[in-house]
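Using the working numbering, the first residue of the sequence shown is number 264, and each one after it goes up by one.
By construction, the Cβ of each residue, glycine as well, lies at the ideal position given by its N, Cα and C atoms.
Fair warning: this is a prediction, and the values are worked out from it, not measured in the lab.
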Amino acid sequence: MTANADPDPVVALENVSFAYGEQLAVDDVSLTVEAGDFLGLIGPNGSGKTTLLRLMLGLLSPDSGSVELFGRPVDDFERGERIGYVSQQATSGGGTMPVTVRECVRMGRFAHVGHSRLTDEDRAIADEALETVGITDLADQQLNQLSGGQRQRAYIARALASEADLLALDEPTVGVDAESRDAFYQLLESLNRDGITIILIEHDIGVVTDRADRIACINTELYHHGDTESFVESDALREAYGATGTVVHHHH
Ligand code: ADP
Numbered sequence: 264m265t266a267n268a269d270p271d272p273v274v275a276l277e278n279v280s281f282a283y284g285e286q287l288a289v290d291d292v293s294l295t296v297e298a299g300d301f302l303g304l305i306g307p308n309g310s311g312k313t314t315l316l317r318l319m320l321g322l323l324s325p326d327s328g329s330v331e332l333f334g335r336p337v338d339d340f341e342r343g344e345r346i347g348y349v350s351q352q353a354t355s356g357g358g359t360m361p362v363t364v365r366e367c368v369r370m371g372r373f374a375h376v377g378h379s380r381l382t383d384e385d386r387a388i389a390d391e392a393l394e395t396v397g398i399t400d401l402a403d404q405q406l407n408q409l410s411g412g413q414r415q416r417a418y419i420a421r422a423l424a425s426e427a428d429l430l431a432l433d434e435p436t437v438g439v440d441a442e443s444r445d446a447f448y449q450l451l452e453s454l455n456r457d458g459i460t461i462i463l464i465e466h467d468i469g470v471v472t473d474r475a476d477r478i479a480c481i482n483t484e485l486y487h488h489g490d491t492e493s494f495v496e497s498d499a500l501r502e503a504y505g506a507t508g509t510v511v512h513h514h515h
């Protein structure tokens, strides 16, 4: 874990619940993500992972409970401020804009500088982000012509160019071949070592227990939140996955 000057948690959820109509998706979840964490968010299909992530980022408003980012109410944040979000749609290429990779990454810089003109330095920072994720050679290609793995890197470069402190990724390696996937997770680990906080939704539990230093395991309710070691030793996985489609009541 990297030392960070920011004393506030990156994300703090308190008693957060959310339902789609009658369908309860997140039930009374409280958790904090500290600066420098690499948090793996796991749970069965339909267990509320994407919903929880979107609540954390202020893309959904909770029915009850509170969400703070960097010590401030999430509603105070401009969309994208300090945060890079790679959604599932971005991964699959749906809705990909007709822009080059370099343009996409410069848009991240553009968001950071408050939509004033980019200086030469801003453009250099965007190019540096391309270099960091290893896709400088793809800079002039159309984003929508990249492979899934290459597109992931472009979106991460965009987040780096925007100087995001938090990178939130929703199953980023779906449709990415095994080799690129491994390289991609090495990139995430290296960014995390450089101080970027990471929240990763990933269905492959092995990947999460290998790479993440903390784990949140949910199935509507939170079954575990803590370090990876204590998760592996706990019954949370069996309980959360065994409870698919049923309601298990915990006595707190
Ligand atoms: P996960 O990411 O773990 O697969 P989701 O957060 O996508 O889970 O979904 C949690 C629950 O909420 C599921 O039962 C799902 O069917 C339901 N859900 C998700 N999105 C919507 C939506 N837009 N409208 C209605 N129900 C939804």
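Simplified DSSP assignment, three categories, for residue i
i, result
"His513", "Because the pLDDT of His513 is 48, which lies under 50, any placement of that residue in the model is unreliable, and the number read from its coordinates should be weighed accordingly. If DSSP states are grouped into helix, strand and coil, His513 belongs with coil."
"Thr382", "coil"
"Ile419", "helix"
"Ala288", "strand"
"Glu391", "helix"
"Phe373", "helix"
"Asn204", "With the chain represented from 264 up to 515, any question about residue 204 goes unanswered, as that position is not in the structure."
"Phe301", "strand"
"Asp445", "helix"
"Gly458", "coil"
"Ala479", "strand"
"Met264", "For Met264, the pLDDT reaches just 46, beneath the cut-off of 50, and the residue's location in the model is therefore unreliable, leaving the point undetermined."
"Leu320", "coil"
"Arg342", "coil"
"Glu426", "coil"
Per DSSP, the bridge partner or partners of residue i
i, result
"Thr295", "Ala275"
"Val349", "Leu432"
"Gln256", "The question about residue 256 has no answer here: the residues shown for the chain are numbered 264 through 515."
"Tyr283", "Gln286"
"Ile464", "Leu304, Asp433"
"Asp490", "Arg477"
"Glu452", "For Glu452, which the question treats as bridged, DSSP gives no partner whatsoever."
"Pro270", "Pro270 pairs with nothing; no bridge assigned."
Any non-hydrogen atom of ligand 3 within 8 Å of residue i CB
i, result
"Gln352", "With respect to ligand 3, the structure offers nothing, as its ligand set consists of ligand 1."
Contact set for residue i: own chain, Cβ-Cβ below 6 Å, skip 5 residues either direction
i, result
"Tyr504", "Pro307"
"Asp467", "none"
"Gly343", "Ala374"
Neighbourhood of residue i by C-beta distance below 7 Å, restricted to the same chain and skipping five residues each side
i, result
"Phe340", "Gly321, Leu332"
"Val337", "Gly321, Val330, Glu331"
"Val296", "Pro272, Val273, Val274, Leu302, Thr460, Ile462"
Unbroken beta strand (DSSP E) run spanning residue i, endpoints
i, result
"Leu332", "327–332"
Endpoints, alpha helix (DSSP H) assigned at residue i
i, result
"Gly505", "499–505"
Residues near residue i by beta carbon distance below 8 Å, same chain, minus five either side
i, result
"Asn278", "Asp291, Val292, Ser293, Ser327, Gly328, Ser329"
- Should the stretch 366–378 be called in touch with the stretch 417–425, which here means at least 3 C-beta pairs below 8 Å? Touching, per the Cβ criterion.
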